[in-house]
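Only one structure is covered here, and it is reproduced in the block below.
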Amino acid sequence: MKIACLQFNPIQENTYIVWDDTKECVIIDAGNSNPREDAALDNFIAEHGLKPVMAVNTHGHFDHTLGVEHLKQRYGIPFALSSKDQFLLDNAATSGSVFGVKIGQMPAAEIDLDTLSEVRFGETALRVIRTPGHTPGHVALYEPVSKSLFTGDTLFRESIGRTDLPGGDYSWIMRSILDSLVPLGEEVHVYPGHGPESTIGHEMLYNPFIVEVLNEEVNYKE
């Protein structure tokens, strides 16, 4: 499996293009927000001879969905998102205005990720992992052979996603990280929705949110 990351829009969101030897690909969290960024994504797809089959989102915040409608129109592909995050698409214009971003047409999701256990393309399957907390319908996507984990805005390098936005919950995001992501293993490579890559092992050592809880659990057991 091959992975490329393009950073888009004023929020500096990470858009991932993921493909395998069949050249089929999915685009995770398409944040391209203007014609120049649309062209950058389209050119990458064309230059690598890729065939998009789905736009899939870890969650519904506007900075992760700005480019989905372009992909749907250009490539005729479906959009997959948890139905629990539909309200975020409905309120995207208001949310964008807070950050000074003008929001155009928001996409409709044809596929409810709540009904899927995996997202398939070519010969590859991404496991859908429920990770509520940053948003109610947030998911992570995991490819076990390459140990690649797309965490969206749940887990960042040495930080976690915000929980003070509508639908956010701190206790949920910590349980998602500790119960669903950390057990995948220290060697798992983390591809977050913003910022640089990491590993689960690095986060267990240097992420203050995770370290604090792990230390509390150790002290409790003692």
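With the UniProt record's numbering, the residue at position 72 of the sequence shown is 72, and numbering never jumps. By construction, the Cβ of each residue, glycine as well, lies at the ideal position given by its N, Cα and C atoms.
Tell me which same chain residues have a C-beta within less than 6 Å of the C-beta of residue 2, skipping the five on either side of it?
If we look at residue 2 and ignore the five residues flanking it on each side, its Cβ neighbours are 19.
Whole angstroms are fine: how far does the CA of residue 65 sit from the CA of residue 10?
Cα to Cα, the separation comes out at about 13 Å.
Give the single residue among 42, 44, 137, 198 whose Cα lies nearest to the Cα of residue 115.
Checked all of 42, 44, 137, 198; the closest Cα to residue 115 is 137.
Enumerate, from N- to C-terminal direction, the unbroken alpha helix (DSSP H) stretches of 4 or more residues contained entirely within the stretch 55 to 122.
Qualifying alpha helix (DSSP H) stretches, in chain order: 62 to 65, 68 to 75, 86 to 90, 92 to 98.
Terminal residues of the continuous alpha helix (DSSP H) containing residue 35?
Run containing residue 35: 35 to 47, per the alpha helix (DSSP H) assignment.
Thinking residue 67 and residue 88 are a contact (beta carbons under 8 Å), I'd like their distance in whole angstroms, please.
Actually they are not in contact, since the Cβ atoms of residue 67 and residue 88 sit about 16 Å apart, beyond 8 Å.
Per DSSP, what are the beta-bridge partners of residue 152 in this structure?
In the DSSP output, where bridge partners are listed per residue, residue 152 has 192.
With 16 as the cutoff for other CB atoms within 10 Å, does residue 204 come out buried or exposed?
Residue 204 should be labelled exposed.
Going by C-alpha to C-alpha distance, which of 120, 158, 5 sits closest to residue 206?
Ranking 120, 158, 5 by Cα distance to residue 206 puts 158 first.
Residues bridged to residue 125 by DSSP?
120, per the DSSP bridge assignment.
Is residue 17 helix, strand or coil by DSSP?
The answer is strand: DSSP assigns residue 17 an E or B state.
Can you tell me whether residue 145 is helix, strand or coil according to DSSP?
Residue 145 falls in the coil class under three-state DSSP.
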